[in-house]
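Count the sequence shown with this note's numbering and you get residues 68 to 373, in order. Glycine is no exception: its CB is placed at the ideal position from the N, C-alpha and C atoms. Owing to the predicted nature of the structure, the values given are computational and were not obtained by experimental measurement. The next block holds one structure in the form of structure tokens; read it before the comments.
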Amino acid sequence: MQGVLTGFAVIAVVIGVGYVLGLRGHLGPQGRAVLTKLAFHVASPALLFTTLATADLSVVFSARLLVTALSTVAVAGAFVAVGVVRGWGVGRTTIGALCSGYVNSGNLGIPIAVYVLGDASLVAPVLLFQLVVVTPVAVTILDLSRGGGERTLWRRLLTPLRNPIALGSLAGVAVAASGLQVPDAVMDPVTLIGNMSVPAVLLAFGIGLCGSTMPLRGVERRPVLLAVALKAVGQPAVAWALASGVFGLRDAQLLDVVVTSALPAAQNLYTYASTYGVGERLARDAILVSTVVSVPVLVGVAAVLG
68 MQGVLTGFAV
78 IAVVIGVGYV
88 LGLRGHLGPQ
98 GRAVLTKLAF
108 HVASPALLFT
118 TLATADLSVV
128 FSARLLVTAL
138 STVAVAGAFV
148 AVGVVRGWGV
158 GRTTIGALCS
168 GYVNSGNLGI
178 PIAVYVLGDA
188 SLVAPVLLFQ
198 LVVVTPVAVT
208 ILDLSRGGGE
218 RTLWRRLLTP
228 LRNPIALGSL
238 AGVAVAASGL
248 QVPDAVMDPV
258 TLIGNMSVPA
268 VLLAFGIGLC
278 GSTMPLRGVE
288 RRPVLLAVAL
298 KAVGQPAVAW
308 ALASGVFGLR
318 DAQLLDVVVT
328 SALPAAQNLY
338 TYASTYGVGE
348 RLARDAILVS
358 TVVSVPVLVG
368 VAAVLG
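This is the structure:
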């Protein structure tokens, strides 16, 4: 329980600082936009590169990864199905699907893995799956959904290679797969830049809350409720069913996959929504509400399976 509370406390403090910055206008009217662009185009790609370049890619073949992948696809697919029926649009539906299954595996998942699960590396499968598969696919869809009918087929196929998030992820995987040792003279400044990512995302999120209306109101109420229900209840339930019923995971391994699946939606999804100018209110409210709801869910999971 200490790990859950510690992780949430860290996030709340930084978001609170961002809210105060927005309230007082210290960064000016463009403060949130600058932080968002900094995170998306520079800091986050650097963080993804350094994280994946030193990762153990053998976790790709673990049962934990299969549970993570299948549970993510299940809840995201459910949101997409409703989004298609309701006519929510490609970009908006993509953001909602991400909020339904893309967990906060970094700045919240790591401290919870340390304090609740006892090993930070246990969050690696979900982290790698999201960085290597989900992020490049999602940002490519968001890129293509912005229009640009004049684009040739070749330019559309090369979309992932022109996106900084996808480039950072793919470059990190390439380095890890090749076994190359990146010199400290190169890795150290990239690491330093990458360290700005999480604070920048959280501060921008906090600034975005300033002056905003209460969540669960307006036209985004139903998509937000659906995304939060899938994220807070649906994904951990699916993960539990798959882990115990299909893959036969028990005890600590079962706790691991269910806890990581019960993590709330990641704050960087708000960065993606802001960058592409679609589903910003949906992302903001879904992240905020799922973060609040996930506290009792995580405590309950740790109490029952721990």
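Would you decide whether residue i is buried or exposed? Buried here means 16 or more other CB atoms lie within 10 Å of its CB.
{"i": "residue 289", "result": "exposed"}
{"i": "residue 284", "result": "exposed"}
{"i": "residue 101", "result": "exposed"}
{"i": "residue 352", "result": "buried"}
{"i": "residue 245", "result": "exposed"}
{"i": "residue 282", "result": "buried"}
{"i": "residue 79", "result": "exposed"}
{"i": "residue 378", "result": "Residue 378 is absent from the model: the chain starts at 68 and stops at 373."}
{"i": "residue 356", "result": "buried"}
{"i": "residue 348", "result": "buried"}
{"i": "residue 252", "result": "exposed"}
{"i": "residue 142", "result": "buried"}
{"i": "residue 319", "result": "exposed"}
{"i": "residue 344", "result": "exposed"}
{"i": "residue 250", "result": "exposed"}
{"i": "residue 329", "result": "buried"}
{"i": "residue 302", "result": "buried"}
{"i": "residue 333", "result": "buried"}
{"i": "residue 183", "result": "buried"}
{"i": "residue 76", "result": "exposed"}
{"i": "residue 239", "result": "buried"}
{"i": "residue 158", "result": "buried"}
{"i": "residue 367", "result": "exposed"}
{"i": "residue 17", "result": "No answer is possible for residue 17: the residues shown for the chain start at 68 and end at 373."}
{"i": "residue 346", "result": "buried"}
{"i": "residue 40", "result": "No answer is possible for residue 40: the residues shown for the chain start at 68 and end at 373."}
{"i": "residue 247", "result": "exposed"}
{"i": "residue 81", "result": "buried"}
{"i": "residue 369", "result": "buried"}
Which partner residues of residue i appear in the DSSP bridge assignment?
{"i": "residue 170", "result": "332"}
Among the options, which residue has its Cα nearest to the Cα of residue i?
{"i": "residue 362", "options": "327, 117, 105", "result": "327"}
{"i": "residue 230", "options": "111, 314, 162, 73", "result": "111"}
{"i": "residue 255", "options": "265, 232, 120, 170", "result": "120"}
{"i": "residue 315", "options": "131, 301, 75, 141", "result": "131"}
{"i": "residue 116", "options": "166, 169, 234", "result": "234"}
{"i": "residue 270", "options": "247, 372, 298, 338", "result": "338"}
{"i": "residue 262", "options": "118, 213, 91, 124", "result": "118"}
{"i": "residue 109", "options": "140, 242, 194, 259", "result": "259"}
{"i": "residue 205", "options": "194, 162, 236, 180", "result": "162"}
{"i": "residue 180", "options": "324, 370, 291", "result": "324"}
{"i": "residue 335", "options": "365, 172, 295", "result": "172"}
{"i": "residue 265", "options": "90, 248, 113", "result": "113"}
{"i": "residue 278", "options": "248, 267, 92, 354", "result": "92"}
{"i": "residue 237", "options": "268, 196, 213", "result": "196"}
{"i": "residue 378", "options": "365, 310, 232, 311", "result": "What is shown of the chain runs 68 to 373, which leaves residue 378 out entirely."}
{"i": "residue 305", "options": "168, 247, 243, 123", "result": "168"}
{"i": "residue 170", "options": "346, 354, 99", "result": "354"}
{"i": "residue 243", "options": "95, 194, 122", "result": "122"}
{"i": "residue 175", "options": "165, 240, 164, 190", "result": "190"}
{"i": "residue 192", "options": "267, 372, 125", "result": "125"}
{"i": "residue 164", "options": "307, 340, 241, 82", "result": "340"}
{"i": "residue 145", "options": "267, 346, 360, 294", "result": "294"}
{"i": "residue 32", "options": "105, 94, 313", "result": "Only positions 68 to 373 of the chain appear in the structure, and residue 32 is not among them; the question remains open."}
{"i": "residue 160", "options": "371, 82, 322, 287", "result": "287"}
{"i": "residue 129", "options": "156, 310, 360", "result": "310"}
{"i": "residue 359", "options": "247, 296, 213, 95", "result": "296"}
{"i": "residue 364", "options": "300, 342, 73, 107", "result": "300"}
{"i": "residue 291", "options": "194, 317, 155", "result": "155"}
{"i": "residue 342", "options": "73, 107, 369", "result": "107"}
Should residue i be flagged as near chain C, meaning a C-beta pair shorter than 9 Å?
{"i": "residue 266", "result": "Judged by its chain identifiers, the structure shown contains no chain C, having just a single protein chain."}
Looking at residue i and the ligand PLP, is the gap between the Cβ and the nearest heavy atom below 8 Å?
{"i": "residue 327", "result": "This structure lacks the ligand PLP, and indeed carries no ligand of any kind."}
* Please confirm if the segment 82-90 is in contact with the segment 268-280, defined as three or more CB-CB distances below 8 Å between the two stretches. => yes
* **the segment 144-154 in contact with the segment 202-209 per 3-pair CB rule at 8 Å** => no
* Could you tell me whether the segment 131-138 touches the segment 194-202, using the rule of 3 or more Cβ pairs below 8 Å? => yes
* Starting from the N-terminal side, write out each stretch of the beta strand (DSSP E) that is 3 residues or longer and does not extend beyond the segment 254-288. => none
* Would you mind listing the alpha helix (DSSP H) stretches within the segment 123-168 that are 4+ residues and don't spill past its ends, in chain order? => 130-153, 157-168
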